[in-house]
Amino acid sequence: MRQTVNGLSLCLIFFFLLELDVQAHGVRVFAWSAGETIKVEAAFRGSGPARKAKITVQEAESGHELVSGLTDSKGLFQFPVPPQAIREKMDLKITADCGPGHKGKWLLKAADYLEMSAHSPPLPAATGGEQEKEVDGGGKEAAGPEIDEHLIRTIVAEELDKKLAPLKKLLHESLRPKIDSRDVIGGIGWLLGLAGIAAWIKNKKKE
Amino acid sequence: MHISEGIVSAPVLTGGAVLTAVGTAVGLKKLDYERIMTSAILTAAFFVGSLVHIPVGPANVHLILNGLIGVILGWASFPAILTGLFMQAVFFQYGGIVVLGVNTFNMAAPAVCSYYCLRPWLDNSRGKQAVAAWLGGFFSVFLAAVFLALSLTLTDEGFLETAGILIGAHLPVMIIEGFVTMFAVVFLNRVQPEILKRSKMSVQEKVSRSMTE
Numbered sequence: 000m001r002q003t004v005n006g007l008s009l010c011l012i013f014f015f016l017l018e019l020d021v022q023a024h025g026v027r028v029f030a031w032s033a034g035e036t037i038k039v040e041a042a043f044r045g046s047g048p049a050r051k052a053k054i055t056v057q058e059a060e061s062g063h064e065l066v067s068g069l070t071d072s073k074g075l076f077q078f079p080v081p082p083q084a085i086r087e088k089m090d091l092k093i094t095a096d097c098g099p100g101h102k103g104k105w106l107l108k109a110a111d112y113l114e115m116s117a118h119s120p121p122l123p124a125a126t127g128g129e130q131e132k133e134v135d136g137g138g139k140e141a142a143g144p145e146i147d148e149h150l151i152r153t154i155v156a157e158e159l160d161k162k163l164a165p166l167k168k169l170l171h172e173s174l175r176p177k178i179d180s181r182d183v184i185g186g187i188g189w190l191l192g193l194a195g196i197a198a199w200i201k202n203k204k205k206e
Numbered sequence: 000m001h002i003s004e005g006i007v008s009a010p011v012l013t014g015g016a017v018l019t020a021v022g023t024a025v026g027l028k029k030l031d032y033e034r035i036m037t038s039a040i041l042t043a044a045f046f047v048g049s050l051v052h053i054p055v056g057p058a059n060v061h062l063i064l065n066g067l068i069g070v071i072l073g074w075a076s077f078p079a080i081l082t083g084l085f086m087q088a089v090f091f092q093y094g095g096i097v098v099l100g101v102n103t104f105n106m107a108a109p110a111v112c113s114y115y116c117l118r119p120w121l122d123n124s125r126g127k128q129a130v131a132a133w134l135g136g137f138f139s140v141f142l143a144a145v146f147l148a149l150s151l152t153l154t155d156e157g158f159l160e161t162a163g164i165l166i167g168a169h170l171p172v173m174i175i176e177g178f179v180t181m182f183a184v185v186f187l188n189r190v191q192p193e194i195l196k197r198s199k200m201s202v203q204e205k206v207s208r209s210m211t212e
């Protein structure tokens, strides 16, 4: 018996060594808005990105499909905010399907992306042009305040986006449940404990 | 290999849970005192083995080790795999508590099958034993993929297509698992042959015990 335990423990140590490549496979989906686009990242719990996973964007209530596509090699997928979604202030249900039995989803509330995109749609036309005028004309006072407000809003939004991007990334990295060696050792401890309890009960019955 | 929560329908969940409950009851009944530690250590190997990943296509596949558990433990594979999967669900968020029944059945039923089909071969010469162990590892994963496809089919997806994808994705695991099971069995046979010849010895023990009583 002791030899068996020794042998099997050796096998366990072997697995510990292999455990370096830790990747689990529950699918975690994270979506955030970046200006006029929504970015989606799909990853397997642990560390690996979910490559070529099918992303489906649906209206949360009706399940009506708005956008679909595949993730790239980094597990990323991005799409422009659908105009319909902005109009109707839809909550978006984003699902990643990574083959049979592996799915994950994320609910992106309308408020989360509308704030960003609400200012954006009129801007590309307005700002692009106005910006040049500003430079050329040296700022005409008549059209000043309103345009400036738009312009400032965009610039601030863009800058904030840039500044906040690493923070968002960090936040969503921290949402990623990593598999810790503590979990592994804890789990094995539990199993041995359960075996002890089982042995004790069986032994009692024997007596 | 683990089905996540919210994928299979309620009847499949219930069916899986009932079958697992029956299998676990039989397994616990057949699990005798001397094998408890062996079961626990094999369960620990199952628990940790799932962290060894082989990246294939979009879905990650990992070692399952249900073949190794099957050929050594027989019916006790049910409680062993149930416990292992429970731990994985709690610690690693693999599968889930609701789908525990289905997942356990999918992995433990092939283990019991390989016990009945291949166990007699394990008492043979070393060569035959190695082949039988390899087949045990290979077919347990193969059958588990078939069962997995079946449980997904009973929910919505087409069987042949799903089974094809799953078997294809798990082919590398089947081969690797065959070798892992083979080396484990050959190793155990060298250091502790009684663990593999258990069934025969227990019969002898029972006879000798009944005679002394």
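In order, the protein sequences belong to chains A and B.
Mapping of the first sequence onto numbering that gives the first Met the number 0: residues 0 to 206, in sequence order.
Mapping of the second sequence onto numbering that gives the first Met the number 0: residues 0 to 212, in sequence order.
Ideal Cβ placement from N, Cα and C applies to all residues, glycine included.
Here the structure is a predicted model, which is why all the values come from computation and not from measurement.
Original post:
Whose C-beta lies closer than 6 Å to the C-beta of I96 (chain A) among residues of the same chain, with five residues either side of it excluded?
Top reply: Here residue 96 (chain A) turns out to be Asp, not Ile, going by the sequence shown. K53, K102.
Original post:
Helix, strand or coil for V28 (chain A) per DSSP?
Top reply: strand
Subject >> Alpha-carbon to alpha-carbon, L64 (chain B) and D31 (chain B) >> reply: 22 Å
Original post:
Among B:G5, B:V145, B:F90, which has the Cα closest to the Cα of A168 (chain B)?
Top reply: B:V145
**OP:** For the region 106-131 of chain B, enumerate the residues whose C-beta is nearer than 7 Å to any C-beta of chain A, in chain order.
**Re:** none
Subject >> beta strand (DSSP E) segment containing D105 (chain A), residue limits >> reply: Residue 105 (chain A) is actually Trp in this sequence, not Asp. First-last of the beta strand (DSSP E) with W105 (chain A): 102-107.
**OP:** Starting from the C-beta of E58 (chain A), find all residues in its chain whose C-beta is less than 6 Å away, skip the five residues before and the five after it, and write them out in chain order.
**Re:** M89
Original post:
Any residues in the region 190-202 of chain A with a beta carbon nearer than 7 Å to a beta carbon of chain B? Which ones, in chain order?
Top reply: L190, L191, L193, A194, A197, A198, K201, N202
Original post:
Under the rule that 16 or more other beta-carbon atoms within 10 Å means buried, what is I68 (chain B), buried or exposed?
Top reply: buried
Subject >> Between the CA atoms of G95 (chain B) and V11 (chain B) - distance to the nearest angstrom >> reply: 15 Å
Original post:
Using CA coordinates, which residue listed in B:F141, B:L149, B:L84, B:R118 is at the minimum distance from P171 (chain B)?
Top reply: B:F141
**OP:** Using a Cβ-Cβ cut-off of 9 Å, state whether K205 (chain A) counts as contacting chain B.
**Re:** yes
Original post:
Under 9 Å, do L62 (chain B) and I53 (chain B) count as touching if we go by C-beta distance?
Top reply: yes
**OP:** Inspect the beta-carbon positions of A129 (chain B) and V184 (chain B) and report whether they are closer than 9 Å.
**Re:** yes
**OP:** Output yes if chain B places a C-beta closer than 9 Å to the C-beta of V28 (chain A); else output no.
**Re:** no
Original post:
Checking contacts by CB at 9 Å: is I178 (chain A) closer than that to chain B?
Top reply: yes
Original post:
Between which two residues does the alpha helix (DSSP H) harbouring G192 (chain A) extend?
Top reply: 180-205
Subject >> Contacting residues, own chain, Cβ-Cβ under 7 Å from R50 (chain A) (five flanking each side not counted) >> reply: T70, S72, G74
Subject >> Buried/exposed call for V151 (chain B), threshold 16 Cβ in 10 Å >> reply: Checking the displayed sequence, the identity of residue 151 (chain B) turns out to be Leu instead of Val. Counting Cβ neighbours within 10 Å, L151 (chain B) comes out buried, since at least 16 surround it.
Original post:
Quick one: what does DSSP say E160 (chain B) is sitting in, helix, strand or coil?
Top reply: helix
Subject >> Interface residues of chain A facing F141 (chain B) [CB-CB closer than 7 Å] >> reply: Those within 7 Å of F141 (chain B) in chain A number zero; the least Cβ separation is about 15 Å.
**OP:** Answer yes or no: does any C-beta atom of chain B fall closer than 9 Å to that of G68 (chain A)?
**Re:** no
Original post:
What's the C-alpha gap between L27 (chain B) and P78 (chain B)?
Top reply: 7 Å
Original post:
Do we get a CB-CB distance below 9 Å when we pair A24 (chain B) with the residues of chain A?
Top reply: no
Original post:
So is M200 (chain B) in contact with chain A if we call contact Cβ pairs under 9 Å?
Top reply: In this predicted model, M200 (chain B) has a pLDDT of only 47, less than 50, meaning its place in the structure is not dependable; the value taken from the coordinates is given anyway. No, M200 (chain B) lies away from the interface with chain A (no Cβ there is under 9 Å from its Cβ).
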